[in-house]
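Below is one structure, written out as structure tokens; comments come after it.
Residue numbers (our numbering), protein chains in the order written: chain G, 41 to 336; chain D, 24 to 335.
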């Protein structure tokens with residue numbers, strides 16, 4: 041095979057993975073913006089979304105557009121409950137306590153859902169709601185799955201953009217992430233905005249879960265751990281707290297991961313992502329798009 | 024004077040505890056399986072004290088402690104197998120060497136990442152843990168005997184009661200003296216307020232690095248003892264979940280309490296291993312559902328650890 045078309049083909053595959061990472065990374069970056077917390081449970085919400093979609097498609101045969109809506113709702117509720125039950129009582133606690141709680145929530149979701157009575161710890165085949173078709177574009181082929189992932193990701197990002205930069209909720213969210221105390225003084229309900237941020241982030245992770253299930257049709261209760269951490273790295277790479285930074289970071293991480301698997305060895309892909317993390321934290325801790333250096 | 028009387032009591036207690044354990048072991052009152060668990064609990068305590076110095080005393084949140092434990096374990100497994108060490112006495116220099124290897128790794132990795140704070144340090148140490156895991160999974164590509172993802176087999180079984188007990192007592196005394204030295208004071212200053220610590224002239228980078236390296240040395244020694252206790256190693260024994268184990272022990276025992284860490288290690292190992300004997304397999308799955316819930320509840324009600332009183 042011609043090397044150029046091979047690289048292009050892998051690039052398309054990387055964009056497919058990167059689009060999913062971007063959707064998850066948005067949740068991390070928004071929650072970090074308003075709460076200064078790495079929400080470790082976010083990767084598990086992504087997993088939860090994939091499982092909800094699996095049950096809706098496989099057990100109830102619900103049409104795909106309804107699957108998206110119901111999954112987003114379910115994930116939004118899960119995100120809301122996690123924030124209310126686990127994180128809200130710790131609003132004034134030391135930062136590390138909040139971080140440990142996040143780890144605890146993540147472990148709880150994984151092991152609770154892996155009980156045999158619930159989702160079981162086994163790998164489950166995710167039913168594709170449509171057949172995969174490839175379109176040959178001379179240099180590379182693109183599948184309808186990839187086209188759907190790109191379109192849905194693009195639409196989600198566009199809606200998120202409208203929400204954050206064109207509505208009052210978005211303005212309030214940006215204000216809270218800028219300065220919580222001052223935002224409160226200006227009459228913004230901090231708790232409401234934090235809950236709202238979790239809801240938006242969790243529903244995006246839900247979309248990511250469905251797309252991941254369609255693209256890589258094998259789901260497992262522990263599937264959220266590595267994509268979750270990689271998406272967080274993507275958010276750091278793009279500049280944490282910056283919406284479009286998360287998208288750029290996600291795409292870069294996705295492409296890097298696929299290229300490492302294609303040209304080196306798939307066993308090294310996790311390692312390379314963490315080397316990227318170290319490089320970012322050492323040389324440009326504010327990320328690609330970040331300007332202020334205050335996180336380190 | 025108080026220090027001498029305290030350490031005398033500590034020595035008396037540990038010697039009598041040792042004699043009791045020795046009697047239990049020698050007369051086969053407890054089965055070899057439970058003996059192994061007892062030794063394992065001591066090893067866990069040793070390693071958790073290392074994390075307590077890093078996190079409990081100096082306040083540097085590490086999610087990669089199991090990586091240093093794993094480095095020590097693999098180093099010891101490799102050395103004892105290559106050198107065909109069987110006795111306890113030739114094993115001691117290997118143990119110390121493995122601690123030093125872990126410590127050097129901790130020092131090298133600490134130079135860049137200890138500049139980071141709280142959550143970024145957490146994600147960086149987690150990243151290092153994953154890197155080590157990836158390396159161990161592929162280790163058979165570098166040296167066939169490391170076994171890679173198939174696991175390291177055929178490690179000589181050397182670790183015994185005297186060895187782990189001696190090292191625990193030794194480490195507790197050294198750690199205690201370190202904590203009560205000026206370095207320990209600096210560490211606690213850094214934990215309470217890093218900015219204020221810098222402003223009174225403490226070289227915070229240097230002190231954090233020192234605490235981190237010391238903690239990693241303990242993890243390396245713990246790992247080496249572990250490798251030569253179970254004579255089988257697998258990369259999955261040193262993943263994120265194991266790091267969280269140590270973190271939970273430090274939190275339960277109280278951040279900044281050596282004895283608390285020891286109690287918590289014994290309770291923890293007893294809980295995890297003991298339930299394996301008592302409960303049927305179906306109920307056993309519930310362990311990891313209940314533990315995170317307890318952790319969350321603990322963080323909400325006692326954010327400074329179970330056995331420490333609320334400060335500030």
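Quick reminder that beta carbons are idealized off the backbone N, C-alpha and C, glycines included. Here the structure is a predicted model, which is why all the values come from computation and not from measurement.
Selected residue, minimal CA-CA separation from residue i, among the options
i	options	result
residue 86 of chain G	G/288, G/261 and G/307	G/261
residue 183 of chain G	G/220, G/56 and G/73	G/56
residue 253 of chain G	G/243, G/73 and G/88	G/88
residue 71 of chain G	G/229, G/216 and G/318	G/216
residue 301 of chain G	G/61, G/188, G/45 and G/51	G/51
residue 271 of chain G	G/42, G/53 and G/81	G/81
residue 235 of chain D	D/259, D/198 and D/268	D/198
residue 281 of chain D	D/114, D/36, D/74 and D/47	D/74
residue 223 of chain D	D/232, D/231, D/209 and D/233	D/209
residue 111 of chain G	G/167, G/314, G/248 and G/190	G/248
residue 205 of chain D	D/313, D/114 and D/233	D/233
residue 44 of chain G	G/97, G/192 and G/181	G/181
residue 234 of chain G	G/42, G/75 and G/48	G/75
residue 132 of chain D	D/152, D/122, D/116 and D/117	D/152
residue 255 of chain G	G/273, G/192 and G/221	G/192
residue 90 of chain D	D/318, D/156, D/77 and D/164	D/156
residue 63 of chain D	D/303, D/314, D/77 and D/248	D/248
residue 195 of chain G	G/108, G/77 and G/117	G/108
residue 170 of chain G	G/54, G/304 and G/105	G/105
residue 118 of chain G	G/237, G/186 and G/202	G/237
Residue i versus residue j - alpha carbon distance
i	j	result
residue 333 of chain G	residue 311 of chain G	With a pLDDT of only 47 at residue 333 of chain G, under the threshold of 50, the placement of this residue in the model should not be trusted, and no figure is reported.
residue 272 of chain D	residue 291 of chain D	7 Å
residue 319 of chain G	residue 308 of chain G	17 Å
residue 282 of chain G	residue 240 of chain G	15 Å
residue 185 of chain D	residue 253 of chain D	16 Å
residue 288 of chain D	residue 176 of chain G	60 Å
residue 190 of chain D	residue 245 of chain G	48 Å
residue 335 of chain G	residue 125 of chain G	For residue 335 of chain G, the predicted model reports a pLDDT of 41, less than 50, meaning its position is unreliable and no value from the coordinates is stated.
residue 226 of chain D	residue 134 of chain D	13 Å
residue 335 of chain D	residue 134 of chain G	For residue 335 of chain D, the predicted model reports a pLDDT of 44, less than 50, meaning its position is unreliable; a value from the coordinates is still stated below. The straight-line gap from Cα to Cα measures roughly 12 Å.
residue 264 of chain D	residue 178 of chain G	47 Å
residue 24 of chain D	residue 140 of chain D	Because the pLDDT of residue 24 of chain D is 46, which lies under 50, any placement of that residue in the model is unreliable, and the number read from its coordinates should be weighed accordingly. In a straight line, the C-alpha of residue 24 of chain D is about 38 Å away from that of residue 140 of chain D.
residue 35 of chain D	residue 45 of chain D	15 Å
residue 167 of chain G	residue 92 of chain G	12 Å
residue 160 of chain G	residue 216 of chain D	45 Å
CB contact check: residue i to chain B, cutoff 8 Å
i	result
residue 127 of chain D	Protein chains in the displayed structure are G and D, and chain B is not among them.
Check whether residue i and residue j have beta carbons under 8 Å apart
i	j	result
residue 251 of chain D	residue 103 of chain D	yes
residue 278 of chain G	residue 285 of chain G	yes
residue 175 of chain D	residue 97 of chain D	yes
residue 105 of chain D	residue 125 of chain D	no
residue 59 of chain G	residue 289 of chain G	no
residue 246 of chain D	residue 101 of chain D	no
residue 179 of chain D	residue 109 of chain D	yes
residue 276 of chain G	residue 329 of chain G	no
residue 161 of chain D	residue 171 of chain D	yes
residue 396 of chain G	residue 62 of chain G	In the structure as shown, chain G starts at 41 and stops at 336, and residue 396 of chain G therefore has no counterpart that could be examined.
residue 261 of chain D	residue 65 of chain D	no
residue 146 of chain G	residue 84 of chain G	yes
residue 153 of chain G	residue 141 of chain G	no
residue 183 of chain D	residue 119 of chain D	no
residue 138 of chain G	residue 127 of chain G	yes
residue 228 of chain D	residue 144 of chain D	no
residue 20 of chain D	residue 144 of chain G	It is not possible to answer for residue 20 of chain D, since the shown part of chain D is limited to 24 through 335.
residue 258 of chain G	residue 157 of chain G	no
residue 293 of chain D	residue 121 of chain D	no
Residue i, DSSP secondary structure in three states
i	result
residue 336 of chain G	Below a pLDDT of 50, predicted positions are generally treated as unreliable, and residue 336 of chain G, at 36, falls in that range; no measurement from the model is reported.
residue 255 of chain D	strand
residue 208 of chain D	helix
residue 261 of chain G	coil
residue 53 of chain D	coil
residue 164 of chain G	strand
residue 182 of chain G	strand
residue 177 of chain G	strand
residue 3 of chain D	Look at the range of chain D in this structure, 24 to 335, and you will see that residue 3 of chain D is not part of it.
Buried versus exposed call for residue i [16 or more other C-beta atoms within 10 Å across all chains shown]
i	result
residue 198 of chain G	exposed
residue 206 of chain G	exposed
residue 87 of chain D	buried
residue 218 of chain G	exposed
residue 214 of chain D	buried
residue 79 of chain G	buried
residue 85 of chain D	buried
residue 268 of chain D	buried
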